[in-house]
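Visitor: Sequence positions in the sequence shown follow this note's numbering and run -2 to 176.
Quick one: this structure, given as structure tokens, is what I'll be asking you about.
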Amino acid sequence: MKRIAVDMDEVLADALSEHLTRYNRDHGELITKAQLHGKWLWDVVSADRHERLEGYLRSEDFFEDLPVLADSQEVLQKLSEHYEIFIATAAMEFPNSFGPKYRWLRRHFPFIPPTNYVFCGDKSILLADYLIDDTFRHFERFRGKGILFTAPHNAEITGVHRVAGWREIEKFFLPVGRA
Ligand SMILES: [Mg+2]
-2 MKRIAVDMDE
8 VLADALSEHL
18 TRYNRDHGEL
28 ITKAQLHGKW
38 LWDVVSADRH
48 ERLEGYLRSE
58 DFFEDLPVLA
68 DSQEVLQKLS
78 EHYEIFIATA
88 AMEFPNSFGP
98 KYRWLRRHFP
108 FIPPTNYVFC
118 GDKSILLADY
128 LIDDTFRHFE
138 RFRGKGILFT
148 APHNAEITGV
158 HRVAGWREIE
168 KFFLPVGRA
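Next comes the structure, spelled out in structure tokens:
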């Protein structure tokens, strides 16, 4: 069985929406995902507020109740019948996220056993055939094939296999006749 490593934030969990909701609420702004084309939230928020942006990610409850990205549950369940699935999240920057992320995965992806969770720092340690991730730098030293999951910040990146959502992942990994 081939092995697929799957990132969490912006691939399974919509952390960006939660980040925007909290930032906009506290600062009386209306920043949208559309405004983040090719940019990180840090690029559009003034430097004196960057510490606040970080603070949201460090808070105890930020990762507890994130929305699940469309079709990810159904497609990942299908993939898990044909591939070995690992969830790989670079969680070390925000240690408060460990518990919430673990509970979130148990709740929304109960068919993936916790033995297949990888809470890591540098993803180049992963040994998998594929890595589905929204952050391009994780592919730079990854030995398998990187699949870039479209997110506002990576909109301008070219020269990599890109998927715009879980239906495209389904088509790539489970061509008709195989599913
Ligand atoms: Mg991510």
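Just so it is clear, CB atoms sit at the ideal spot from N, CA and C, and this is done for glycine as well.
Does the beta-carbon of Leu124 have 16 or more other beta-carbons within 10 angstroms, so that it is buried, or is it exposed?
Guide: Here residue 124 refers to the residue found at position 127 of the sequence shown. Exposed, by the Cβ-count rule.
Visitor: From Lys30, Asp4, Ile1, pick the residue whose C-alpha is nearest to that of Glu15; which is it?
Guide: Here residue 15 corresponds to residue number 18 of the sequence shown, with the count starting at 1. Nearest option by C-alpha distance: Lys30.
Visitor: For the region 94 to 151, list the alpha helix (DSSP H) runs that are entirely contained and at least 4 residues long, ordered along the chain.
Guide: DSSP runs (the alpha helix (DSSP H)) wholly in the region 94 to 151: 95 to 105.
Visitor: With H, G and I counted as helix, E and B as strand and the rest as coil, what does DSSP make of Asp6?
Guide: Counting from one through the sequence shown, the residue named residue 6 turns up at place 9. Three-state result, Asp6: strand.
Visitor: Would DSSP call Phe59 helix, strand or coil?
Guide: The sequence position of residue 59 within the sequence shown is 62, counting from 1. Residue state, collapsed to three classes: coil.
Visitor: Short of 6 angstroms in beta carbon distance, which residues of its chain neighbour Asp126, apart from the five on each side in sequence? Order them along the chain.
Guide: Numbered from 1 along the sequence shown, position 129 holds the residue referred to as residue 126. Excluding residues within five positions, the ones whose Cβ falls inside 6 angstroms are Lys(-1), Arg0, Gly141.
Visitor: Can you give me the start and stop residues for the alpha helix (DSSP H) that His34 sits inside?
Guide: Counting from 1 along the sequence shown, the entry for residue 34 is found at position 37. Taken as a continuous stretch (DSSP letters only), His34 belongs to no alpha helix (DSSP H), as it is neither H nor E.
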